[in-house]
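Trainee: From first to last, the protein sequence lines are chains A and B. Per the working numbering, the first sequence starts with residue 1, numbered consecutively. Per the working numbering, the second sequence starts with residue 300, numbered consecutively. Every residue, glycine too, gets a C-beta built ideally from N, C-alpha and C. Predicted model only: the values in this text are computed from it and were never measured.
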Amino acid sequence: MRNFGYLLREGFRSVWKNRLMAAASIIVLTACILITGLAALVFINVNYVFEQVAHQNVVVVWLQRDVTDADIEAVGDELNAMSNVSGVEFLSKEEILDRYAKEMGSEELYEALKEDNPMQDSYIVTFYDLSLFEQTLDDIRDLPQTESIEAQTKLADQLSQLRNILMIAGAVVVVLLVLVSLFIISNTIKLTVYSRRLEIGIMKAVGATNFFIRTPFVVEGAVIGLLSALVAYLVTWLAYDRVMMLFGGEVIGMGLLSFQSMWWIVLLAYLAGGVLTGMVGSAISMGRYLKDEGGDPTL
Amino acid sequence: MIEFNGVHKVYDNGKKALDDVNIRIEKGEFVFIVGKSGAGKSTFLKLIMHEESPTVGEVIVNDFRLSKLRRRQEPMLRRTMGIVFQDFRLIQTMNVFDNVAFAMRVVGAKNREIHKRVPYVLQLVGLQDKMKSYPKELSGGEQQRVSLARALVNNPSLIIADEPTGNIDPTMSMEIMQLLVEINRLGTTVLVVTHAQALVDAFQKRTIQIKDGRVESDTPEGGVPA
Chain A
1 MRNFGYLLRE
11 GFRSVWKNRL
21 MAAASIIVLT
31 ACILITGLAA
41 LVFINVNYVF
51 EQVAHQNVVV
61 VWLQRDVTDA
71 DIEAVGDELN
81 AMSNVSGVEF
91 LSKEEILDRY
101 AKEMGSEELY
111 EALKEDNPMQ
121 DSYIVTFYDL
131 SLFEQTLDDI
141 RDLPQTESIE
151 AQTKLADQLS
161 QLRNILMIAG
171 AVVVVLLVLV
181 SLFIISNTIK
191 LTVYSRRLEI
201 GIMKAVGATN
211 FFIRTPFVVE
221 GAVIGLLSAL
231 VAYLVTWLAY
241 DRVMMLFGGE
251 VIGMGLLSFQ
261 SMWWIVLLAY
271 LAGGVLTGMV
281 GSAISMGRYL
291 KDEGGDPTL
Chain B
300 MIEFNGVHKV
310 YDNGKKALDD
320 VNIRIEKGEF
330 VFIVGKSGAG
340 KSTFLKLIMH
350 EESPTVGEVI
360 VNDFRLSKLR
370 RRQEPMLRRT
380 MGIVFQDFRL
390 IQTMNVFDNV
400 AFAMRVVGAK
410 NREIHKRVPY
420 VLQLVGLQDK
430 MKSYPKELSG
440 GEQQRVSLAR
450 ALVNNPSLII
460 ADEPTGNIDP
470 TMSMEIMQLL
480 VEINRLGTTV
490 LVVTHAQALV
500 DAFQKRTIQI
510 KDGRVESDTP
520 EGGVPA
């Protein structure tokens with residue numbers, strides 16, 4: 001495509017020629033990307049905290065008193081085989097008694113009860129996904145050797161509900177902002193199309209293809225999107241580090257993700273989102289123009 | 300080559316613009332199209348440029364059967380014709396060279412070709428010394444010559460001039476017309492839409508008069524019968 005350089009230059013030139021309009025749409029688009037991005041980052045962190053909570057939300061599975069060593073091993077295997085189980089740790093009744101005795105500060109207690117241990121063997125289990133909490137508990141209950149389960153069902157429930165609400169709210173916000181961005185971009189491009197309708201008319205008259213006519217405007221949209229993404233990225237970086245400093249890097253004792261650990265994901269997502277929005281927005285308004293005005297070179 | 304076969308054009312609002320028009324213009328001809336405003340001249344041009352389609356009938360331009368023309372082929376049709384407008388339609392922010400080069404760029408010409416062809420065409424219209432000038436620094440006649448150079452630069456087989464002298468003074472008009480005749484002599488079909496009777500009389504070329512959407516007269520030797 002030997003003309004691509006020319007079309008690219010034309011696009012950049014147009015941004016500069018219409019710099020006031022371009023600046024206005026960069027500001028709005030930057031705000032849209034920022035809000036979307038920050039919402040996403042909050043959500044990612046909330047998710048991250050949930051995961052940690054989920055890991056700490058241990059479930060104690062008490063085994064029946066008469067289990068054999070083979071039973072214990074079988075339950076362990078079954079637990080490990082469950083897809084939502086992230087960690088399985090065995091705690092024998094001797095260990096439990098030992099710990100209990102140590103807590104009481106009396107070695108004799110251990111010796112006295114050793115022969116007729118009142119404790120039960122147990123497994124300490126952690127889950128991956130709290131939204132499947134109940135379901136996984138049922139699966140464990142169905143194991144014949146288990147006697148009872150000790151779990152904080154309510155906490156898991158609330159956490160996963162909170163996450164769902166956040167996710168839906170986030171999605172709604174993102175969709176709205178994408179629509180706003182498309183609207184803003186396509187309006188900006190509409191104005192530059194309007195200011196260049198003479199050029200477009202001449203291009204049509206001498207036989208330029210729609211592709212050729214459209215490309216500089218799509219480039220213009222992409223440039224606006226790119227610049228917005230870069231500005232939004234810088235602001236996000238500063239804001240994120242600032243907030244991290246305020247929180248001291250953690251919430252309710254759970255660590256937060258550092259910006260350094262995901263800067264390139266943020267940058268890529270911003271660039272992709274900005275450039276794509278810019279291109280689609282201008283393609284929309286160009287498509288409408290070329291269709292409405294048809295091939296009228298005398299316009 | 301332009302061919303109109305039984306062409307009727309009725310606009311969506313019910314306005315009847317052309318009524319059974321049959322015309323054949325051969326390659327290399329020079330033809331005036333005359334008629335009052337509202338007679339159907341504009342519709343006639345719009346049909347040739349495939350900007351409007353006939354309600355009934357067939358239009359063939361430079362071997363393109365326009366009723367069968369797909370949207371994607373429209374640019375290819377347009378490349379076979381050069382259009383000169385009454386109001387010049389020059390891009391004010393580009394100098395003379397770039398205004399003409401623009402027409403080559405948008406059809407994908409190479410830079411080397413552009414730098415060879417544009418000065419040649421500008422010399423043809425006598426503007427070789429004004430390549431760096433901007434439209435606002437030129438007279439009306441000069442601007443129309445730039446516009447003519449732009450129409451010529453892609454070497455079309457048909458030049459359509461829509462009231463080319465409408466906005467310029469009589470002496471300049473004569474110059475433009477002489478250029479069009481010269482271009483025609485080099486083999487390009489030229490179609491001039493005008494209501495400047497003096498020009499039509501002066502050049503003695505085939506003249507088609509349109510009145511109320513019909514071909515009122517078609518005189519090969521020029522002039523309009525009384």
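Opposite A/W62 in the DSSP bridges: which residues?
Mentor: Note: A/W62 sits in a beta bridge opposite A/S122 and A/S148.
Trainee: Could you spell out the range, first to last residue, of the beta strand (DSSP E) harbouring B/E357?
Mentor: That run of the beta strand (DSSP E) goes V355 to V360.
Trainee: Identify the residues that DSSP records as bridge partners of B/D461: which are they?
Mentor: DSSP, once it has assigned bridges, lists B/V492 as partnering B/D461.
Trainee: What are the boundary residues of the beta strand (DSSP E) that includes A/V88?
Mentor: That run of the beta strand (DSSP E) goes V85 to L91.
Trainee: Give me, in chain order, the residues of the same chain whose beta-carbon lies closer than 7 Å to that of A/N84; leave out the 5 immediate sequence neighbours on both sides.
Mentor: So the qualifying residues of the chain are F127, Y128, D129, L132 and T136.
Trainee: Assuming B/G381 is part of the beta strand (DSSP E), what are its boundary residues?
Mentor: That run of the beta strand (DSSP E) goes M380 to V383.
Trainee: Is the Cβ of B/M471 closer than 8 Å to any Cβ of chain A?
Mentor: So no, B/M471 is outside the interface.
Trainee: Can you tell me which of the three DSSP states A/M254 falls into?
Mentor: Residue state, collapsed to three classes: strand.
Trainee: Relative to the alpha-carbon of A/D66, which residue among A/D121, A/M104 and A/L246 has its alpha-carbon at the smallest distance?
Mentor: Minimum Cα distance to A/D66 is reached at A/D121.
Trainee: Going by DSSP, what residue range makes up the beta strand (DSSP E) through B/G305?
Mentor: Note, B/G305: beta strand (DSSP E), I301 to V309.
Trainee: By alpha-carbon positions, which one of A/E107, A/I189, A/F247 and A/V275 ends up nearest to A/Y289?
Mentor: Nearest option by C-alpha distance: A/I189.
Trainee: Closer than 8 Å, Cβ to Cβ, to anything on chain B: give me those residues from the region 181 to 209 of chain A, in chain order.
Mentor: From the region 181 to 209 of chain A, only L198, E199, G201, I202, M203, K204, A205, V206, G207, A208 and T209 have a Cβ closer than 8 Å to chain B.
Trainee: Quick one: does the C-beta of A/S92 sit closer than 7 Å to a heavy atom of the ligand GTP?
Mentor: As for the ligand GTP, it is missing from this structure, which has no ligand bound.
Trainee: If you count every other CB in all the chains shown that lies within 10 Å of the CB of A/E80, and 16 or more means buried, which is it?
Mentor: According to the sequence displayed, residue 80 of chain A carries Asn and not Glu. Label assigned to A/N80: exposed.
Trainee: B/N394 CB to nearest chain A CB: under 8 Å?
Mentor: Cβ-Cβ to chain A under 8 Å: no for B/N394.
Trainee: Short of 8 Å Cβ to Cβ, which residues in the region 409 to 441 of chain B face chain A?
Mentor: Cβ contacts with chain A: K409.
Trainee: Determine, using beta carbons only, whether B/A568 comes closer than 8 Å to chain A.
Mentor: Summary: the structure shown does not reach residue 568 of chain B, with chain B confined to residues 300 through 525, and so no result is reported for it.
Trainee: Against A/Y307, what residues of chain B qualify as contacts under a CB-to-CB distance less than 7 Å, listed in chain order?
Mentor: This structure cannot speak to residue 307 of chain A, because chain A is shown only from 1 to 299.
Trainee: Judging by CA-CA distance, which residue of A/G37, A/T236, A/E78 and A/V280 is the nearest neighbour of A/L182?
Mentor: With distances taken between Cα atoms, A/L182 lies closest to A/V280.
Trainee: Between A/M119 and A/L97, what straight-line distance do the alpha-carbon atoms span, to the nearest angstrom?
Mentor: One C-alpha to the other measures close to 7 Å.
Trainee: So for B/K315, helix, strand or coil by DSSP?
Mentor: Reduced to three states, the DSSP call for B/K315 is strand.
Trainee: Within 10 angstroms of the Cβ of B/R370, are there 16 or more other Cβ atoms? Answer buried if so, exposed if not.
Mentor: Counting Cβ neighbours within 10 Å, B/R370 comes out exposed, since fewer than 16 surround it.
Trainee: Does DSSP put B/E325 in a helix, a strand or coil?
Mentor: Three-state DSSP puts B/E325 in coil, outside helix and strand.
Trainee: Any idea if A/E108 is buried or exposed, counting beta-carbon neighbours within 10 angstroms, 16 or more meaning buried?
Mentor: When all chains shown are included, A/E108 counts as exposed.
Trainee: Taking just the CA atoms, how far does B/T518 sit from A/Y194?
Mentor: In a straight line, the C-alpha of A/Y194 is about 43 Å away from that of B/T518.
Trainee: Are the C-beta of A/F127 and some C-beta of chain B separated by less than 8 Å?
Mentor: With 8 Å as the cut-off, A/F127 does not count as an interface residue toward chain B.
Trainee: Report the rounded CA-to-CA distance for B/G339 versus B/M375, giving the unit in angstroms.
Mentor: For B/G339 and B/M375, the distance between alpha carbons rounds to 26 Å.
Trainee: Would a check of beta-carbon distances place B/I382 closer than 8 Å to chain A?
Mentor: Yes - at least one Cβ of chain A is within 8 Å of the one on B/I382.
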